[in-house]
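Peer 1:
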Amino acid sequence: MAIEKAFAINGSPEEIYAALERDLRGAAENVGDTFEVLRTEPNKLMELRVTIGDIPCYLTYAIEPKDGFTEVAATLVPFGFRYALFRIMTFGMRDQGYEIALVEGLSNLKAEVEGTLIEVDDDDWMSDE
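The opening residue of the sequence shown carries number 0 in numbering that gives the first Met the number 0; numbering runs sequentially from there.
(1) I'd like to know whether the C-beta atoms of residue 48 and residue 34 end up nearer to each other than 9 Å.
(2) CA-CA distance, residue 68 and residue 9?
(3) Just how far apart, CA to CA, sit residue 11 and residue 60?
(4) Assign residue 104 to buried or exposed, taking buried as 16 or more other Cβ atoms, counted over all protein chains shown, within 10 Å of its Cβ.
(5) In three-state DSSP terms, what is residue 124?
(6) Here's the rule I'm using: 16 or more other beta-carbon atoms within 10 Å means buried, otherwise exposed. How should residue 45 be labelled?
(7) So residue 4 is in the alpha helix (DSSP H); what residue range does that whole segment cover?
(8) Which residues share a DSSP beta bridge with residue 64?
(9) State the CB to CB distance for the pair residue 112 and residue 1, rounded to an integer number of angstroms; the pair is presumed to be in contact (CB under 8 Å).
(10) Out of 95, 76, 86, which one is the CA nearest neighbour of residue 56?
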């Protein structure tokens, strides 16, 4: 079952694609284990195979310039025996974790491109004050 989310990002397709490439370079040691690049069309499309919680998924980012912003649509398609078993056991009602992962990834991409990343010091959130 495909899960799709789209965000409006104030940045050019080139900036967005470059941010995606930086993220991939940062995870380069995991190539083959947790992700694999399947196909790219610079500044337009990136298709990956990723693993989320031991479930293989196809993840596609489609980048489309609009009037005054760029739309990034991300589609996640979990597949395989484990996912089928998961869907059966949950009566197909528990894909929220995948939706949250997709929204979180798009939120991080938007923050990176727009320069609104918020860094949290581990000590800050663990403090009792």
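Positions of the beta carbon are idealized from the N, C-alpha and C atoms, including for glycine.
Peer 2: Taking the geometry as given:
(1) As a first step, residue 48 must be located in the sequence shown, where it is residue number 49. As a first step, residue 34 must be located in the sequence shown, where it is residue number 35. Contact flag set, yes.
(2) Against the sequence shown, residue 68 aligns to sequence position 69. Against the sequence shown, residue 9 aligns to sequence position 10. In a straight line, the C-alpha of residue 68 is about 5 Å away from that of residue 9.
(3) As a working mapping, residue 11 is identified with position 12 in the sequence shown. As a working mapping, residue 60 is identified with position 61 in the sequence shown. Whole-angstrom Cα-Cα distance: 14 Å.
(4) To locate residue 104, count along the sequence shown from 1; it is residue 105. Label assigned to residue 104: buried.
(5) The residue given as residue 124 occupies position 125 in the sequence shown. Note that residue 124 scores a pLDDT of 38, beneath 50, so its modelled location is shaky and nothing firm can be said.
(6) Locating residue 45 in the sequence shown gives position 46, where the first residue counts as 1. Buried is the call here.
(7) Indexing the sequence shown from 1 puts residue 4 at position 5. No alpha helix (DSSP H) holds residue 4; the beta strand (DSSP E) holding it covers 2–8.
(8) Residue mapping note: residue 64 aligns to position 65 of the sequence shown, counting from 1. Bridge partners of residue 64: 69.
(9) Locating residue 112 in the sequence shown gives position 113, where the first residue counts as 1. Locating residue 1 in the sequence shown gives position 2, where the first residue counts as 1. Not confirmed; about 24 Å, so no contact.
(10) Counting from one through the sequence shown, the residue named residue 56 turns up at place 57. Of the listed residues, the one whose Cα sits closest to residue 56 is 76.
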